[in-house]
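Q: Would you mind keeping the following structure in view while I ask a few things?
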């Protein structure tokens, strides 16, 4: 038009430059640096250039290898030699000074042990399944009883019946029934089979009580007999018992007591071995990858469904409290994630058990993932609701009225008018919910933290966080981050492409 | 555009948010922050030229400190966990060598290994802490229970308590650190049973010459199972707050904790009457001693300016003055590592600790010498996963070995 | 006329119940703030037995509330203002020029929507330190950069829904680009501007990690941490501090919320 191309270009640059510059500087540059770190073995703490180094080492590895005089002077202007400690050291340096120093030191071929280029090793180990097993979905065997521990006084009835008793032969069942008796929802250990009670008479023996026989000897005897019992190893049993009795300081009356205790412990061992071997359940651990997918899917589906449904309801004519309700549904967005996590943790611990009588919630691997999805949906659905509501209000009233005159039922109107016209809202909401769910960190971190590994609720970003800071593998963390980014970009990219195509067709 | 930006910046500057030159001190013991604030206030009053900006980072401490180290701007004074944290930061050159500082001459010699790296001292050891069983004396008296000195007596006490409907141990399984302490401490006892000194064990682990399973692991996990069995039913849901509440309310008779938890319990219930005994792993009472060691220390950043370093060192020197020690004991409410320190005002459990340690000695906090990644992940998460039946005993040990091999200290 | 119960009334009743579920945790915070710690533990759901304001007193003094709230307010204000200004300019220009570059640049902005913050955290904090930006002013600048992607994304969508004719006729009349943008376009962008302002204000006000890394202390979220320890949680003062720090932003939201629908709708749906 009136403007010359040069002016237009200048305007283009002037308008875009501030945002683009800041964005590139504070977002793209650090992201690029992250990629750079992903091909190193950095531990997250080692400085690229040494803070202090013994004189000889410093001269040999760095100083004597610098070719340019100017560079050497520069290095010596930063590092000072301290006679007392015999070390070269430097204070904190920043900005361009630091970059220059790093460049010089890199040129001489020095790199700290824990800040070295390792090429694509980090990526390779992720794809080859070599990083921690908790990262990948896996099957594992849950062992409900450790044979080396004493039999518990009480066991959970449901699991004991389902996962143990049903697997037994009739004789084994017979054996089991001598040990555990059903009471209410639990099974209780028969007092005569309680190892503490069985051992008690030996501890009460006058020889032991007076200290003539050391407690270490008693411990050895009991441990030996128990161990022999687990394998029903008669020879080992005789040996343990023999060694104890051979201490030779026992009165005649004590020997039957020892014998009885040993026999009983030995026989208990048979059941303990059985319990440990059979009371196992094969379980699935979603791992970091699995949980992230579960969390994202749950979030996208539930929050969008709920948000859409609430929007639809609020859009009905005759809902008088619409504005108030709208504000309320959006309200959780106003709170920070840390606050949200804190409130819900408190409620899950204090309130849910009181209402339901069920004690475990966030610590139950079967419930925790759902609770996390629930809280996340609670927080985010209001936001999506607003988008759907806006989309609904953009639908021209005359189209709906025309459909009503044509005799379309509410269901038909929803299916053939509302849904197609709402397609752009769906596209945006689903895009945002996928990206946000895959990026989720704060909420789960504040609600579960590192215990997530025990419950199986560690999202991808949290795993990255622990890699970088708890496990000191910043390089690997950055490699995982790059892969996560790629995944989100591909998934949302595909989603946008597919849904935009649909939108056009409609 | 530029003018607008500078206008905004000027406006911001006018609001007085630009800080003057001052020291920055990082601390993580949020539960004792009031006492520390008092100490700093007193120091600043006596030294008008210095101000100290206190920075608390109770959560995300590792992440924030890593970021600060990467920035090259660690706080001038750092409160750190003893052993590994100190060694790690010292190894990378972040800490000032304090070996020749006069104040280090005033601490008891036994506390020095906790801040030593490469034969030099890099921190001022401060609170000497013990972990054991904090028990409710009134409950024990009411049911006529003997204070346990052996594993068997402990078992017996737990049985009686269970019969009376009282939870033996207040539970804490929602956070992984407590089980991390527990497994490594029992492990330390079992090392002693085998006659292996902790320092040798750590060196051998670092050299790849031994396994974490060198001790009686059957016993190790049997003790863990015993401990779990006697906790609150919903211990998996309970964090530290809930543990302290359960103990302070008298629902539970004991908690296996450090004395920092005693402060919290007495805060929640001033009337509670507590004692402190070692957790008895063995049936031989003589072998059951406290796990006691230097918990935290103060270090000085090597990258601060010389003036700031001098001021920071002045603060460390000042901590040894009688006045500072008095505030430390009375307001910070922890013991300290200075020679001849008087801790009698700290209350019964602290006296129990000091008397017992002086008489019977103590096991060190071996976990503080593990590579941090091993303790943070393999031990804490491993023990928790064992309790959640997610890992078997063998897997926990194998994991610790594996992670240790990957994080060997030189 | 007699009142008749219609299906829509059931629907409304149901929605009100649902809304209560949404609101309940927030009410719970307000209730707890008015109780001593012991009462919170014993009767988490009960009404406060008597008016108890000590939590607020403690939270107020420990957080140094007036100063902290002012700092947070200024950071939020300047942060949001800068994002709005730079992003609206960029987005308008990108939406109005139909070249390959503008599409590439727009995609570049949208790209950041899928990057988790924790990934750039450490490099960003090092960069900020190198540029001497570890102060409130620097934090504000960082927010301008970090807030750009979302704001450009939403402005871009909205601008596309605004008719071009007005701008074109102004241009024919000889108006400069600056004049056109600030006098003609910007007023038209008000709904989306308010929306982005609300969303970014919520974000900056509630942000924890970035201020922790950059200025370490001084904002409300950071000050709250005095009560929210790794180990020790003082629920009473903590909830009081939550109420104190959330109230200003809630009031702001409630006053401005009628714009939010218009804005989000226009910005998001047509994006």
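Chains as they are written, first to last, in our numbering: chain A, 1 to 506; chain B, 1001 to 1410; chain C, 2001 to 2271. Using N, Cα and C, we set each Cβ at its ideal position, and we do this for glycine too. These numbers were taken from a predicted model, which means no experiment stands behind them.
#1: Are residue 1234/B and residue 1248/B close, meaning C-beta to C-beta below 8 Å?
#2: For residue 292/A, report the span of its alpha helix (DSSP H) as first-last.
#3: Need the endpoints of the alpha helix (DSSP H) that residue 1146/B sits in, please.
#4: In three-state DSSP terms, what is residue 2255/C?
#5: Which whole-angstrom value is the C-beta distance of residue 2202/C and residue 334/A, which I expect to be below 8 Å?
#6: How would you list, in chain order, the residues of chain B whose beta-carbon sits under 8 Å from the beta-carbon of residue 44/A?
#7: I'd like to check one pair, residue 2199/C with residue 2059/C: are the Cβ atoms closer than 8 Å?
#8: What residues from chain B crowd round residue 2091/C, counting only those whose CB sits closer than 9 Å?
#9: Less than 7 Å between C-beta atoms, sequence neighbours within five positions excluded: which residues of the same chain meet that for residue 1017/B?
#10: I think residue 1130/B touches residue 1290/B, with their Cβ atoms under 8 Å apart; what is that distance to the nearest whole Å?
#11: Below 9 Å on C-beta distance, what does residue 1384/B contact in chain A?
#12: Which runs of the alpha helix (DSSP H) fall wholly inside the region 318-343 of chain A and span at least 4 residues, in chain order?
#13: Do residue 1182/B and residue 1134/B have their CB atoms nearer than 8 Å?
#14: For residue 1231/B, count neighbouring Cβ atoms within 10 angstroms of its own Cβ and tell me buried if that reaches 16, exposed if not.
#15: On the DSSP letters alone, give me the boundaries of the alpha helix (DSSP H) that residue 1269/B sits inside.
#16: What's the C-alpha gap between residue 1085/B and residue 1111/B?
#17: What does the alpha-carbon distance come out to for the pair residue 2183/C and residue 498/A?
#18: Which residue wins for smallest C-alpha separation from residue 263/A, given the options 40/A, 216/A, 225/A, 292/A?
#19: Do the CB positions of residue 1337/B and residue 1107/B come within less than 8 Å of each other?
#20: At the level of alpha carbons, what is the spacing between residue 2068/C and residue 1036/B?
#21: On the CB-based measure, 16 or more other CB atoms within 10 Å of its CB, does residue 1328/B come out buried or exposed?
#22: Is there at least one Cβ from chain C nearer than 8 Å to residue 473/A's Cβ?
#23: Got a sec: which bits of the region 1087-1100 of chain B sit with their beta carbon under 7 Å from any beta carbon on chain A, in order along the chain?
#24: Give every residue of the same chain whose Cβ lies closer than 7 Å to the Cβ of residue 2180/C, excluding the five residues on either side of it in the sequence, and list them in chain order.
#25: Residue 74/A to residue 49/A, Cα distance in whole Å?
#26: Please classify residue 1120/B: does DSSP put it in a helix, a strand, or coil?
#27: When you compare each of 430/A, 350/A, 368/A, 455/A to residue 1382/B by their alpha carbons, which one comes out closest?
#28: Quick one: what's residue 187/A bridged to in DSSP?
#29: For residue 285/A, tell me which candidate among 1063/B, 1118/B, 1388/B has the shortest Cα-Cα distance.
#30: Under the rule that 16 or more other beta-carbon atoms within 10 Å means buried, what is residue 204/A, buried or exposed?
#31: Do the region 426-439 of chain A and the region 291-302 of chain A make contact, defined as three or more Cβ pairs closer than 8 Å?
#32: Taking the beta strand (DSSP E) that residue 1129/B falls in, what are its first and last residues?
#33: Tell me, please, which residues DSSP counts as bridged to residue 1292/B.
#34: Taking C-beta pairs closer than 8 Å, name the residues in chain A that residue 1243/B reaches, listed in chain order.
#35: According to the neighbour-count rule (16 or more other Cβ atoms, all chains shown, within 10 Å of its Cβ), is residue 1019/B buried or exposed?
#36: Look up residue 82/A in the DSSP assignment and give the residues it is bridged to.
A: Let me lay it out:
#1: no
#2: 287-314
#3: First-last for residue 1146/B: undefined, no H or E at that position.
#4: helix
#5: 6 Å
#6: 1066, 1070
#7: no
#8: Simply none; closest approach about 16 Å.
#9: Reliability of the predicted coordinates at residue 1017/B is poor, the pLDDT of 41 falling under 50, and no value is obtained from them.
#10: 4 Å
#11: 450, 451, 453, 454
#12: 322-330
#13: no
#14: buried
#15: That residue, residue 1269/B, is in no alpha helix (DSSP H); it is neither H nor E in DSSP.
#16: 15 Å
#17: 39 Å
#18: 225/A
#19: yes
#20: 22 Å
#21: buried
#22: no
#23: 1088, 1092, 1093, 1094, 1097
#24: 2167, 2170, 2171
#25: 14 Å
#26: strand
#27: 455/A
#28: 155/A, 182/A
#29: 1388/B
#30: exposed
#31: yes
#32: 1128-1136
#33: 1130/B
#34: Result: empty, since nearest Cβ-Cβ is about 12 Å, beyond 8 Å.
#35: Unreliable positioning characterises residue 1019/B in this predicted model, as indicated by a pLDDT of 38, which lies under 50. A coordinate reading is not provided.
#36: 87/A
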